[in-house]
Every structure is written in structure tokens, then in C-alpha cells.
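As they're listed, the protein sequences go chains A and B. To convert, take the position in the first sequence, counting from 1, and add 819; that gives the numbering used here. To convert, take the position in the second sequence, counting from 1, and add 217; that gives the numbering used here. By construction, the Cβ of each residue, glycine as well, lies at the ideal position given by its N, Cα and C atoms.
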Amino acid sequence: DTAVSQTPKYLVTQMGNDKSIKCEQNLGHDTMYWYKQDSKKFLKIMFSYNNKELIINETVPNRFSPKSPDKAHLNLHINSLELGDSAVYFCASSPIGGLNTGELFFGEGSRLTVL
Amino acid sequence: AQSVTQPDIHITVSEGASLELRCNYSYGATPYLFWYVQSPGQGLQLLLKYFSGDTLVQGIKGFEAEFKRSQSSFNLRKPSVHWSDAAEYFCAVGAEAGKSTFGDGTTLTVKP
């Protein structure tokens, strides 16, 4: 049973299109994240939701819009895709238990290629 | 603001040799420290973590790390590397609200 699952695993699309990536966790965690890993493998946090509420919103273009219908799901919608959006997007979750230490449980990633 | 530095971009070791990957952090309070491993095409998996207490922590796959406050370091070690250890390794420091900061990673190559 996969703890943090993302779909799709691969996405190839044209510039200007809109795409979504879905994420679900079955760990019972309160907090979920989106991270972006670029071609040099640098990892940067994009968003964080705690129990459906946005708590971290890094400097990300407005074309990126996260949505959390419930605390087990966090989706990422990207409008008007650009070449620079090509990357691997990781969903992650963490337990809170009164103190969020930052320990993360990652999905396998969604590789987005914009042509 | 917190930061993490992994000085070694790429390390090559022979199978069976010992390994040490370096990590230095900058953080105002007592840090929560993590090492993650990323195999090709995979997500990141937690190897070990330090929150408090014993400064030598044991992780999965035979890895250990030592927290040295005086050096702001959290180096990862393994006494004998296996070919399956070839991967990307990330050191991270956790903070409130779960806003972890990652180092730029170290690529480990294992020679037969």
C-alpha cells in the first residue's frame, strides 16, 4: 500500500497548456507539501497545507494553484505551462503531533516535460 | 534563515570502502536534522533523523550520522558501501511549520 501516491508519474505537454497533478496520502498526516526538483536536482518547497489550510506559499507564479479538498489530498494545477516549468514535482506529507519537525514522507514524483 | 551546505557535489567510492558525506547547517535554534536518499527515478526516502539526545544516530541500510553542534555538522557515514547505495543524498534541516530546507545533494557513485 503506497503511503504517498502521485499521478501521473510522467506528463509531456505543450507550452501554454494547463495540467494537474494529484496527490493522496494514507498515513493520516495533517500536513502536505509540493516540492519542485529542477534539472540540477535542487529541491525547493512550493506550498504547504495543514488540514486543508494553506500555510506555506513560497514565491511561486500565480499560474500554480494548489487545492486541498481534504487533509489526505493535495492537488497541483498549473496554467499556461512554460518551458521553465519542466521539472519533477514531489508531493510529501508530514505528521504534526503537536510539533512539526519537518520529517517528510515523499511520493515518487511526477516528471513534467513542457515542449 | 536556515541553510544547509553539502560541500561535495559528487563522491566516488569503491564497493566495500567506507563512506562519509558532509553536511553543514545554519539554524538559530536546536535543529531537526535529516538525511534522505533518492535512487534514480524515485522519491526521497528518509535514512535517519536527529531531534535530540544521543548525537550519534542510526538509520536504515547501515547508515549512521553524528551531530556536532560545535561544528554545525551532521555528517553521514557507512562503514562498507554496497553497489546499491549509489544514489543522490540530501541533508535537510527542519523548522517550525515543517518548512524544511534541503542541501543541494551529493551524488554517490560506487565503483565495483
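Classify residue i as helix, strand or coil using the three-state DSSP reduction.
| i | result |
| --- | --- |
| D904 of chain A | helix |
| Q825 of chain A | strand |
| I277 of chain B | helix |
| R239 of chain B | coil |
| D302 of chain B | helix |
| Q833 of chain A | coil |
| R882 of chain A | coil |
| V327 of chain B | strand |
| Q844 of chain A | strand |
Looking at chain B, is there any beta carbon in it that lies within less than 8 Å of the beta carbon of residue i?
| i | result |
| --- | --- |
| I875 of chain A | yes |
| F861 of chain A | yes |
| M928 of chain A | The sequence given here places Gly at residue 928 of chain A; Met does not occur at that position. Yes, because at least one Cβ of chain B sits closer than 8 Å to the Cβ of G928 of chain A. |
State buried or exposed for residue i, treating a residue as buried only when at least 16 other CB atoms are found within 10 Å of its CB.
| i | result |
| --- | --- |
| E843 of chain A | buried |
| L934 of chain A | exposed |
| M851 of chain A | buried |
| P329 of chain B | exposed |
| K295 of chain B | buried |
| I277 of chain B | exposed |
| G916 of chain A | Residue confidence is low: G916 of chain A scores 48 on pLDDT, short of 50, so the model does not pin down where it sits. No coordinate-derived value is stated. |
| Y267 of chain B | buried |
| D271 of chain B | exposed |
| D904 of chain A | buried |
Candidates the options: which alpha carbon is nearest residue i's?
| i | options | result |
| --- | --- | --- |
| Q255 of chain B | A:G928, A:V933 and A:L934 | A:G928 |
| K859 of chain A | B:F307, B:R294 and B:S317 | B:F307 |
| G258 of chain B | B:L238, B:R294, B:A303 and B:D271 | B:A303 |
Flag residue i as yes if its beta-carbon sits less than 8 Å from any beta-carbon of chain A, otherwise no.
| i | result |
| --- | --- |
| S235 of chain B | no |
| K328 of chain B | no |
Contact set between the segment 836 to 849 of chain A and chain B, restricted to residues whose Cβ is under 9 Å from the partner:
Against chain B - using a Cβ distance shorter than 9 Å - the segment 836 to 849 of chain A contributes no residues.
Taking beta-carbon pairs under 9 Å, can you tell me which members of the segment 257 to 269 of chain B lie near chain A?
So the list reads G258, Q259, G260, L261, Q262, L263, K266 and F268, given in the order they occur along the chain.
Using a Cβ-Cβ cut-off of less than 9 Å, give me the residues of the segment 277 to 304 of chain B that come near chain A, in sequence order.
none
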